[in-house]
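First to last, the sequence lines map onto chains C and L.
Following the working numbering, the numbering of the first sequence begins with 1 at its first residue and continues without gaps.
Following the working numbering, the numbering of the second sequence begins with 1001 at its first residue and continues without gaps.
Worksheet: the structure to be examined is printed underneath.
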Amino acid sequence: MSRVPGFRALCNGEAVEAASIPCVPAAEFRERVLRAAGAGRRLSALFARAAAGGQGLCAIMADDARGFLHVLFSEGTGDFRSLTPELPEAHLFEREIAESSRISIEGHPWLKPVRRSLPDSAGFFRENGAEVHEVAVGPVHAGIIEPGHFRFQCHGETVHHLEIQLGYQHRGVEALLAGGPDRRAIFVAESISGDTAVGHALAYCSNLEALAGVCPAPRGEALRAAALELERLSNHIGDLGAMAGDVGYLPAAAYFGRLRGEFLNMLMALSGNRYGRGLVRPGGAAFDLTESMAKDFSARLAAARADMSAVGELLFESASVLGRFEETGTVSRQSAEDLGLVGPPARASGLDRDVRRDHPLGHYRVQRITATNETAGDVLARASLRRTEANRSLDFLRELLAGLPRGAARETCPAPRAGLFAVVLVEGWRGEICHAAETDRGGKFRDYRIVDPSFHNWPAVAAAMRGGEISDFPLCNKSFNLSYAGHDL
Amino acid sequence: MTALAGLLAHGAALLLLPPLLLGIIGKTKAAFGGRTGPPFLQPYHDLLKLLGKGAVYSRTTTWMFRLGPVLSLAAILVAGCVVPLAGGSALSFTGDAILFAYLLGLSRFATITAALDAGSSFEGMGASREAAFASLAEPALILVLAGLSGSSGDLSMTGMFGGAARWETASGLVMAAVGLFLVLLTENSRIPVDDPATHLELTMIHEVMVLDHGGPDLAFIQYGASVKLLLWSSLLVRLLLPDAPGAAGWAVWALGVVALAAVVGAVESTMARLKMPRVPQLLFVAICAAAFAMMFMVK
């Protein structure tokens, strides 16, 4: 029996009748989620939704081994006891539920608001002691980065605890999308996190297609996958350059920076925007790739691969760089599993999770991609994982461009049907993007929920800093390069 | 007359040349990165810009905060008087080497106290790092000075760095040069010890101490840092290159200093910064090199 009893199982990108999803009392809901977690399923999303009798919960659990997603609702009444003591990966989700709904969760260690209330009104964790000192950084930083507040409890140069306070970029994205779909929605989806425009737009469009019951044009699906991989390439390469810059290794920083531009330029040629905005649209892709452009892309990708291997050697064979990367900011496999990490940080710590392989959607059903792994969990592992993934993406793109499906790039996508629930997972460059939508009787979104990979992964940054040097924080943070906007929504 | 000309030349080189070294380092780094980089004279423009600005002082600071940059620059400039550039130093007497070491110490003390005065956690962190690494760089300097005074039989800087290449103690010279070069990188907060180009407060050493200074104060600090770079470069050049009288001596010296700036730029472009706990290990290497230099030179 591959399906966990008590859940509604569905595939990635499948819409089911909302009424077919079991809705159980709160205590039973907790039992079932814990049982499923014990059976190896991980929590992809947990949020509050309107239910009979008030507000209840919805859990989406991913079974990576079998490729199913399991959904469960709870009724709106009863005791909501916290999952966190048994299931630490629920920690941030429950804090978010506590601040955004009327549900009161019992037994959670600290229901500090994550994004909606005034960021520092809730106080901070503080360590006491004669020689302990506190260093507070942000939300305004010296570089051009997003706002976030970091508070270190240090003993000399050693970090005992790091608390990360975000929420400065809360724009109410989910509220903007609820009640849709409307003409504005796709632009909202593209700006959930500016550097993941393709990833989030793809998740949003796949959701609309599932709810409308249409299959997007195969050529459009291929073009979307190409854009997603180009987005991954530009960001992974950019991150490698930024990590080199953080340790003061200039040549690699400069060359990787130049190389990142190549991929952004290809996205520009494909969509008219360096970040791929405007390409992914419901029903397929808004723009097509001509024969000559595809040839040109192949040539540019081949050149980029040669450059990448040369610069990669420069970075990864420099002893002084390895000395900085190795054994810095280590996240153990156990911590990664407990915190429910996704994407490159999870794979760098030895977890084998990749939505493109485990829950393939769109073009990834036709053309498989090999997942990559590292085991050490340190900055070096996260860096070399990015390098390997970038190479795999290049392989994937070469194959894709050679066998681009024929036909139109876009089909028409009608309005969503009524009373459905759909979940889409997309492996963005940061990891698993989860969009869950539920339509009401009029076919409008009753609820639209988004989980950016950063929401899963921010606690890992704090975990990686424990016992480390405070001077390693910028490098460590860069090796994760999480989104503030994606977390804050 | 020639004495006066020498003095004037010394003063002019000491006061006007230093920012150019920063420009050379910047250009070298840009060349390694495949960029054009800012013009050689950019540091002068930066200093002028800063001098034309006003300064903002936090209410938590006291007179120490304002004194810091002035005292630091003054101490470095006085130290510049006893350092031989080409020909000799402006001021030379027995034991001026000790004055040199202590003036640099005074300059550092002024910067550190001013940083602590601001009361920010960043600056406290920077101050503790600077003090820790400086206390390890100092023994290396003292050992090099001891070796040189032992071999030259002179206790003045001009005598020790007389420029007469003592090739009979070549091994000692090489060791002394290695020690001095590592101390130069540390004292001037260059890679691999510190990264002067970073904007990341948590990783900085020297830069984080001066975050709260602005305008003319910052200009004093940056100018002082460049003068310090010139002084250390000059010591190294005088140690390795032969001296010549008059203009030829100045040409050799200027060439040496410029080449050294390019070497510093090349080091910065080809290696990453060390992990902070590794920096003391580098300084132990400097101390060992200096100790061997002393043993080879003082027989």
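Ideal Cβ placement from N, Cα and C applies to all residues, glycine included.
For TYR364 (chain C), the CB contacts under 7 angstroms within the same chain, skipping 5 residues up- and downstream, are ALA225 and ARG356 in chain order. DSSP places HIS363 (chain C) in the uninterrupted alpha helix (DSSP H) bounded by 363 to 366. Here GLU469 (chain C) is buried, its C-beta having at least 16 other C-beta atoms within 10 Å.
Closest option to VAL1298 (chain L), judged by alpha-carbon separation, among L:GLU1268, L:HIS1206, L:ALA1170 and L:ASN1188: L:ALA1170.
Secondary structure note for GLU469 (chain C): it is in no beta strand (DSSP E), with a DSSP letter that is neither H nor E.
Among the CB atoms of chain C, none fall inside 8 angstroms of the CB of PHE1181 (chain L). Under a 10 Å Cβ-count criterion, TYR1102 (chain L) is classified as exposed, with fewer than 16 other Cβ atoms of the shown protein chains found around its own Cβ. Non-local beta-carbon contacts of LEU1143 (chain L) in its own chain, meaning distances under 8 angstroms to residues more than five positions away in sequence, involve GLY1179, ILE1287, ALA1290, ALA1291, ALA1293 and MET1294 in chain order. The alpha-carbon separation between VAL451 (chain C) and PRO1018 (chain L) amounts to approximately 54 angstroms. Under the Cβ criterion of 8 angstroms, ALA1286 (chain L) is not counted among the residues facing chain C. Residue nearest to ASP472 (chain C) within the set C:VAL247, C:ASN373, C:THR412 and C:HIS456 is C:VAL247 (criterion: CA-CA distance).
For the pair VAL1070 (chain L) and GLY1214 (chain L), the CB atoms are not nearer than the 8 angstroms cut-off. Three or more beta-carbon pairs drawn from the region 1221 to 1237 of chain L and the region 1250 to 1260 of chain L are found closer than 8 angstroms, and the two stretches are therefore classed as touching. Residue L:LEU1136 holds the alpha-carbon nearest to the alpha-carbon of ARG1278 (chain L) among L:LEU1136, L:LEU1073, L:ALA1115 and L:THR1061. Under the three-state reduction of DSSP, GLY107 (chain C) is assigned to coil, being neither helix nor strand. Under the 8 angstroms criterion on CB atoms, GLY1034 (chain L) is classed as interfacial with respect to chain C. Annotation: the region 1028 to 1084 of chain L contains the following complete segments of the alpha helix (DSSP H) (minimum length 4 residues), in chain order: 1042 to 1051 and 1063 to 1082.
CA-CA distance, ILE369 (chain C) to ASN12 (chain C), rounds to 17 angstroms. Rounded to whole angstroms, the separation of the alpha carbons of ALA304 (chain C) and ILE145 (chain C) is 27 angstroms. TYR484 (chain C): member of the alpha helix (DSSP H) spanning 484 to 488, first to last residue. For the set C:VAL33, C:PRO22, C:GLY40 and C:PHE93, the Cα lying nearest the Cα of ALA52 (chain C) is the one of C:PRO22.
For ASP1096 (chain L), the uninterrupted alpha helix (DSSP H) run begins and ends at 1096 to 1118, by DSSP.
Rounded to whole angstroms, the separation of the alpha carbons of GLU337 (chain C) and PRO85 (chain C) is 15 angstroms.
Boundaries of the alpha helix (DSSP H) around GLN1281 (chain L): 1279 to 1297. Here ALA178 (chain C) carries a coil assignment [DSSP, helix/strand/coil].
Counting along the chain, no beta strand (DSSP E) covers ASP352 (chain C), and no H or E run does either.
Taking 8 angstroms as the Cβ-Cβ cut-off, the region 227 to 255 of chain C approaches chain L at ALA244, ASP246, VAL247, GLY248, TYR249, LEU250, PRO251, ALA253, ALA254 and TYR255, given in chain order. Annotation: GLY442 (chain C) to ALA142 (chain C) spans about 49 angstroms, alpha carbon to alpha carbon.
Of the candidates C:PHE124, C:ARG30 and C:ALA65, C:ARG30 places its Cα closest to the Cα of LEU83 (chain C). SER1156 (chain L) is a Cβ neighbour of SER1092 (chain L), given a cutoff of 8 angstroms.
DSSP lists C:VAL24 as the beta-bridge partner residues of SER74 (chain C).
In the structure shown, ILE450 (chain C) falls within a strand segment according to DSSP collapsed to helix, strand and coil. In terms of CA proximity to PRO25 (chain C), C:LEU72 leads the group C:GLU389, C:ALA18 and C:LEU72. For the region 303 to 325 of chain C, the set of residues with a beta-carbon nearer than 7 angstroms to any beta-carbon of chain L comprises SER318, SER320, VAL321, GLY323 and ARG324, in chain order. Rounded to the nearest whole angstrom, the C-alpha separation of ASN265 (chain C) and PRO1242 (chain L) is 54 angstroms. Taken atom to atom, the span from the alpha-carbon of ASN235 (chain C) to that of TRP458 (chain C) is near 18 angstroms.
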